[in-house]
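So the sequences go chain by chain: A and B. Its first residue numbered 1, the first sequence is counted upward by one per residue in the working numbering. Its first residue numbered 249, the second sequence is counted upward by one per residue in the working numbering.
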Amino acid sequence: MRGLRKSFGTKQAVAGIDLEIAAGSLAGLVGPNGAGKTTSLSMMTGLLRPDGGRLLIRGIDVWADPPAAKAIIGVVPDQARLFERLSGEELLEYAGRLRGLPAGQARARAAQLLDVLDLAADAKRLVADYSTGMRRKATLGCALIHNPSVLFLDEPLEGVDPVSGEVIRRLLTRFAGSGSTVLFSSHVMELVEQVCDHVSIIDKGKIVATGTTDQVRDGKTLQRAFIDLVGSRATGEEGLSWLGSSSS
Amino acid sequence: MARLLVQLKLRLLRNALRSSRSARAAFILSTVAAGLVAVVTFAELAALRGNAASVDLTTVVFTVFAFGWLILPLLTFGLDSTLDPATLAPYPLRTRPLAVGLLAASATGAWPLANLLGLLGVTVGLASGWFGVFTALLAVLLEVLFCITLARFVTTGLAGLLRSRRGRDLAVFLILPIFALHEAFNQVVPKATAEGKLTAASFAGVDTWMRWLPPGLAAHAIQDASDGRPGAALLRLALLAAVIVVFGWLWVRSLGRALVTVDTSTQSSAVRGVALPFARSGLCGTAAARFWIYQRREPGSLIYWGITAIVMVAVSVSTIRTPGYLHALLLSAGLGAAFVGAVHANAIGRSGPGFFLEAMALTGRRALRGYFSGQDLALGLIAVPLLTLVSFALAAVARHPVDGFLGLAVDLAGIGAGLGLANIFTVFAAFPVEKRAGSPAPRAADGYLGYAYASTFGSLLGVAAAISPVVLGVVFTRSDPAVARMPVLVLCAAGYGIALARIGVRFAARAAEQRLPELCQIAVRSKL
Chain A
1 MRGLRKSFGT KQAVAGIDLE IAAGSLAGLV GPNGAGKTTS LSMMTGLLRP DGGRLLIRGI
61 DVWADPPAAK AIIGVVPDQA RLFERLSGEE LLEYAGRLRG LPAGQARARA AQLLDVLDLA
121 ADAKRLVADY STGMRRKATL GCALIHNPSV LFLDEPLEGV DPVSGEVIRR LLTRFAGSGS
181 TVLFSSHVME LVEQVCDHVS IIDKGKIVAT GTTDQVRDGK TLQRAFIDLV GSRATGEEGL
241 SWLGSSSS
Chain B
249 MARLLVQLKL RLLRNALRSS RSARAAFILS TVAAGLVAVV TFAELAALRG NAASVDLTTV
309 VFTVFAFGWL ILPLLTFGLD STLDPATLAP YPLRTRPLAV GLLAASATGA WPLANLLGLL
369 GVTVGLASGW FGVFTALLAV LLEVLFCITL ARFVTTGLAG LLRSRRGRDL AVFLILPIFA
429 LHEAFNQVVP KATAEGKLTA ASFAGVDTWM RWLPPGLAAH AIQDASDGRP GAALLRLALL
489 AAVIVVFGWL WVRSLGRALV TVDTSTQSSA VRGVALPFAR SGLCGTAAAR FWIYQRREPG
549 SLIYWGITAI VMVAVSVSTI RTPGYLHALL LSAGLGAAFV GAVHANAIGR SGPGFFLEAM
609 ALTGRRALRG YFSGQDLALG LIAVPLLTLV SFALAAVARH PVDGFLGLAV DLAGIGAGLG
669 LANIFTVFAA FPVEKRAGSP APRAADGYLG YAYASTFGSL LGVAAAISPV VLGVVFTRSD
729 PAVARMPVLV LCAAGYGIAL ARIGVRFAAR AAEQRLPELC QIAVRSKL
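Printed below as a string of structure tokens:
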């Protein structure tokens with residue numbers, strides 16, 4: 001992507017992003033709250049029209065030909081955006097059918113994904129009754145059912161328990177290992193450090209560092225490198241002198 | 249504790265005035281409505297003085313108020329934070345002082361005060377003599393206390409269910425009998441009163457069994473005291489007080505349980521069915537499957553269909569047995585079809601964040617045409633039989649069953665026009681919606697009320713204009729034999745309706761192709 005920009009009123013959410021992600025890589029996009037991660041991912045996936053810039057996915061210009069771009073990508077947004085009144089099974093089948101899979105294939109893939117995502121036992125429950133972690137997994141299932149070339153995920157492990165997190169982590173690693181590309185944003189530095197081969201750090205709508213995970217870390221932990229790059233925030237903890245005493 | 253909870257309630261009420269413009273307007277309107285109810289109730293009850301059926305009517309009014317207290321808190325469960333024990337469960341509070349505090353909080357606010365002041369009309373209308381007035385004051389106090397205790401007992405007992413998705417779904421259906429009653433009062437009562445079919449005397453004896461209910465005990469205690477039967481009056485009041493004590497005891501027990509069983513998050517049940525219906529029929533069938541399932545499982549959708557049927561009956565019920573029945577029949581059909589269009593004129597906004605999933609797959613104009621066609625197919629599968637059924641039922645009530653076909657002709661043309669317009673409005677005037685406590689269906693998000701009005705009135709007017717050729721056809725062929733005109737009218741109207749729906753689909757698909765990212769942003773902002 002080149003010069004990607006987006007403003008909301010007077011606030012510039014994304015201030016000209018240049019970023020290149022190699023095919024087959026598992027890339028992480030990290031940044032503090034409000035840095036522009038979700039806005040960037042929305043523009044990359046054809047869901048939010050940018051003010052300027054160009055975006056190519058596998059040679060397809062996302063905003064010149066959105067249908068062609070959407071056909072090869074899968075998206076897991078920051079908040080579960082699902083049809084709550086469908087059961088998990090119906091939801092995945094619906095996602096598959098929307099993507100043009102034949103009914104039988106959509107149903108078979110839905111069953112396989114529900115099984116891998118540990119949702120098979122809850123397949124017939126309404127999504128409205130799912131927990132946060134189950135919704136994340138169902139969203140991931142919807143994003144994968146058509147076997148996309150590129151997968152975008154916004155905070156994929158937010159609200160997910162460690163066991164489900166491990167399931168998602170394994171699935172992403174396997175997916176990227178097959179030659180597909182994964183780009184995800186996350187606050188969890190350990191996850192990015194363990195899983196990603198490429199990392200980009202975004203702050204105030206701009207990429208402040210990008211490269212392989214080792215390059216960005218520069219011999220430190222990713223958490224340390226991140227704080228060094230974006231700066232730590234003032235805490236004002238002095239005012240909490242009463243906290244921790246036994247009296248009320 | 250009572251003081252603290254009353255202060256909390258007052259602060260919540262005060263904060264309603266400081267929140268968003270629409271919330272402030274709703275609060276002010278609600279307060280004004282409470283004032284009106286107080287004045288009108290007082291005046292109506294006071295006007296019963298000297299009426300032979302005054303005690304019967306007072307019993308009915310007392311019972312209606314108790315019924316209101318029973319039903320409305322279930323609908324507004326999430327609106328009043330003090331109704332839900334879960335909000336207080338984390339604090340180290342003992343049940344009894346908490347119960348007293350919650351009771352005091354319930355009695356605080358414009359509506360409880362309006363109830364109290366309005367019902368005091370019995371001191372003029374039913375009571376006579378100092379003992380009668382004294383008993384009336386006591387009876388009204390006990391009646392209001394009974395209403396509050398009953399409401400508290402029911403909401404606390406059902407709190408776990410109401411907090412769950414299934415319970416909220418069920419509570420929403422309460423709006424249907426309330427809406428039907430509202431329509432009956434609007435459409436039937438004024439006409440029956442004007443024609444002299446409904447007078448105060450019509451209520452004489454209606455309290456044969458109501459007099460033994462707690463509100464009836466209160467009303468009859470006043471009459472006993474006024475007629476010089478103090479013993480009977482005091483006995484009735486004592487019985488009413490005993491009922492309140494029993495409900496209060498049950499409520500305290502229920503509250504104790506509710507404070508330690510607030511989490512119902514794991515309660516859910518499975519759905520039946522193994523595959524999406526119609527899903528083998530391409531994108532159109534796939535979209536139809538989703539909309540079809542939603543019409544059955546989304547309580548808001550079922551409510552809208554119920555309201556459509558009620559409106560169709562309500563607008564025609566007072567004239568359907570008169571020589572002008574045909575006007576009523578056609579008006580009912582046209583309005584029903586217009587409602588179908590108006591209700592679905594923001595389908596994308598009402599789809600909510602899930603529309604993201606569809607937006608990712610709607611690649612191009614052809615796919616969008618399939619999507620809108622699928623939506624129309626699912627809605628048509630419900631709208632056509634429902635409107636047909638109501639039209640023929642009304643025609644049968646009018647004793648002209650064959651004229652049901654005339655209603656059907658308007659139904660078919662109107663449904664086609666309504667769905668076509670709905671598709672167009674959902675693209676050009678899409679707006680995010682929010683599901684709020686106290687509202688059975690999602691409402692326009694703040695700042696989008698104008699969009700909601702535009703699409704609703706646009707649909708109503710558009711359908712009215714679109715069905716006018718069919719209505720003219722019905723009028724101008726009146727002298728032709730039914731066997732010839734009916735099939736022609738129905739077939740032509742069906743073809744016309746389908747053509748209008750298809751035009752809507754094509755127009756909407758063309759526009760949506762350019763606006764898909766913006767439509768997606770609107771949909772994800774909906775809070776369902």
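Ideal placement from N, C-alpha and C gives every residue a C-beta, glycine not left out.
inquiry  = Measuring only the C-alpha atoms, how far is B:R614 from B:E761?
reply    = So the alpha carbons of these two residues sit roughly 9 Å apart.
request  = Check the Cβ of B:L409 against every Cβ in chain A and list those closer than 7 Å, keeping chain order.
outcome  = None at all; the shortest Cβ gap to chain A is about 14 Å.
query = So with Cβ pairs under 8 Å, would you call A:V163 a contact of chain B?
reply = A:V163 does not count as touching chain B.
inquiry  = If the criterion is Cβ atoms closer than 8 Å, does the pair A:A128 and A:E84 meet it?
reply    = In this structure, the beta-carbon distance from A:A128 to A:E84 falls below 8 Å.
message = Tell me whether the region 310–325 of chain B and the region 462–469 of chain B touch, counting them as touching only if at least three CB pairs, one residue from each stretch, are closer than 8 Å.
response = The answer is yes - the region 462–469 of chain B touches the region 310–325 of chain B, with three or more Cβ pairs under 8 Å.
ask   = What do you reckon, are the CB atoms on A:L82 and A:L114 nearer than 8 Å?
value = In this structure, the beta-carbon distance from A:L82 to A:L114 does not fall below 8 Å.
inquiry  = Short of 7 Å in beta carbon distance, which residues of its chain neighbour A:C142, apart from the five on each side in sequence? Order them along the chain.
reply    = Excluding positions up to five away in sequence, the list reads L91, L92 and A95.
task = Enumerate in chain order the residues of its own chain whose CB-to-CB distance from B:G652 is below 6 Å, with the five nearest sequence positions on each side excluded.
result = Cβ neighbours of B:G652 within its own chain (closer than 6 Å, five residues either side excluded): S639, F640 and A643.
query = Who are the near neighbours of B:L811 in its chain, counting only those whose CB is closer than 8 Å to its CB and skipping five residues on each side?
reply = Nothing about residue 811 of chain B can be reported from this structure: the residues present for chain B run from 249 to 776 only.
message = Given this structure, state the Cα-to-Cα distance separating B:T514 from B:G504, to the nearest angstrom.
response = Bear in mind that the predicted position of B:T514 carries a pLDDT of just 49, short of 50, making it unreliable; the figure below should be weighed with that in mind. Whole-angstrom Cα-Cα distance: 21 Å.
ask   = How long is the line joining the alpha carbons of A:E20 and A:M1, rounded to whole angstroms?
value = Inter-residue distance for A:E20 and A:M1 is about 6 Å (C-alpha atoms, whole angstroms).
message = Short of 7 Å Cβ to Cβ, which residues in the region 540–553 of chain B face chain A?
response = The region 540–553 of chain B vs chain A, Cβ under 7 Å: I541, Y542, R545 and E546.
Test item: CB-CB of B:A469 and B:L446 under 8 Å = The answer is no: Cβ separation not under 8 Å.
ask   = What does A:V14 pair with, by DSSP beta-bridge criteria?
value = Looking at the DSSP assignment, A:V14 forms a beta bridge with A:K6.
ask   = Is it buried or exposed for B:T289, if we count other Cβ within 10 angstroms and need 16 for buried?
value = Answer is buried; the Cβ neighbour count reaches 16.
query = Applying a beta-carbon distance threshold of less than 7 Å, which residues of chain A neighbour B:M608?
reply = Chain A residues near B:M608: K70 and V75.
inquiry  = Would you say B:V753 lies against chain A (beta-carbon separation less than 8 Å)?
reply    = Interface with chain A (8 Å Cβ-Cβ cutoff): B:V753 is excluded.
key: Proximal residues of chain B, C-beta to C-beta of A:P67 below 7 Å   = Proximity of chain B to A:P67 at the Cβ level (cut-off 7 Å) is accounted for by T611 and G612, in chain order.
request  = Tell me whether B:L265 sits in a helix, a strand or coil according to DSSP, three-state version.
outcome  = B:L265 falls in the helix class under three-state DSSP.
Limits of the unbroken alpha helix (DSSP H) element including A:D154 = For A:D154, no alpha helix (DSSP H) segment is defined; the enclosing uninterrupted segment is the beta strand (DSSP E) at V150 to D154.
task = Using only alpha-carbon positions, find the residue among A:I57, A:L26, A:A13 and A:S25 that is nearest to A:T38.
result = Nearest option by C-alpha distance: A:A13.
inquiry  = Looking only at its chain, what residues have a beta carbon closer than 8 Å to the beta carbon of B:A712, apart from the 5 residues adjacent to it on each side?
reply    = For B:A712, where only same-chain residues beyond five positions count, the Cβ hits under 8 Å are G582 and A586.
query = With respect to 7 Å, is the separation between the Cβ of A:P148 and the closest non-hydrogen atom of the ligand ATP below this value?
reply = Judged by which ligands are present, the structure shown has none, so any question about the ligand ATP falls away.
query = Where does B:H430 sit, in a helix, a strand or coil, going by DSSP?
reply = In the structure shown, B:H430 sits in a helix (DSSP, three-state: H, G or I).
task = Give the secondary structure of B:L637 by DSSP, where H, G and I count as helix, E and B as strand, and everything else as coil.
result = Reduced to three states, the DSSP call for B:L637 is helix.
Distance between beta carbons of B:A337 and B:G283, contact taken as under 8 Å = Not a contact, Cβ separation roughly 35 Å.
Proximal chain B residues relative to A:L48, where beta-carbon distance stays under 7 Å = Taking the beta carbon of A:L48 as reference, the chain B residues within 7 Å of it are P765 and Q769, listed in sequence order.
request  = Could you tell me whether the region 210–225 of chain A touches the region 174–192 of chain A, using the rule of 3 or more Cβ pairs below 8 Å?
outcome  = In short, these stretches touch, since the Cβ pair count reaches three.
task = Pick helix, strand or coil for B:K257, following the three-state DSSP scheme.
result = B:K257: helix per DSSP, three-state reduction.
key: B:Y701 burial status per 10 Å Cβ neighbour count (16 or more: buried)   = Exposed, because fewer than 16 other Cβ atoms sit within 10 Å of the Cβ of B:Y701.
request  = Say whether the region 484–503 of chain B touches the region 388–403 of chain B, bearing in mind that this needs 3 or more beta-carbon pairs closer than 8 Å, one atom from each stretch.
outcome  = Three or more beta-carbon pairs drawn from the region 484–503 of chain B and the region 388–403 of chain B are found closer than 8 Å, and the two stretches are therefore classed as touching.
query = Comparing the C-beta of B:G698 with each C-beta of chain A, is any distance below 8 Å?
reply = Under the Cβ distance rule, B:G698 does not count among the residues neighbouring chain A, no pair being separated by less than 8 Å.
query = Are the region 619–627 of chain B and the region 532–541 of chain B touching, with three or more C-beta to C-beta distances below 8 Å?
reply = By the Cβ criterion, the region 619–627 of chain B is in contact with the region 532–541 of chain B, since at least three pairs of Cβ atoms, one from each stretch, lie closer than 8 Å.
query = Rounded to a whole number of angstroms, what is the C-alpha to C-alpha distance between B:F567 and B:Y573?
reply = Residue identity differs from the one stated: residue 567 of chain B is Thr in this sequence, not Phe. About 6 Å.
inquiry  = Comparing C-alpha positions only, which one of B:A609, B:V436, B:M734 and B:D455 sits nearest to B:R569?
reply    = Restricting attention to B:A609, B:V436, B:M734 and B:D455, the CA atom closest to the CA of B:R569 is found in B:V436.
request  = Taking only beta carbons into account, state which residues of the region 121–133 of chain A come closer than 7 Å to chain B, listed in chain order.
outcome  = Within the region 121–133 of chain A, the residues whose Cβ lies closer than 7 Å to some Cβ of chain B are K124, R125, L126, A128 and D129, listed in chain order.
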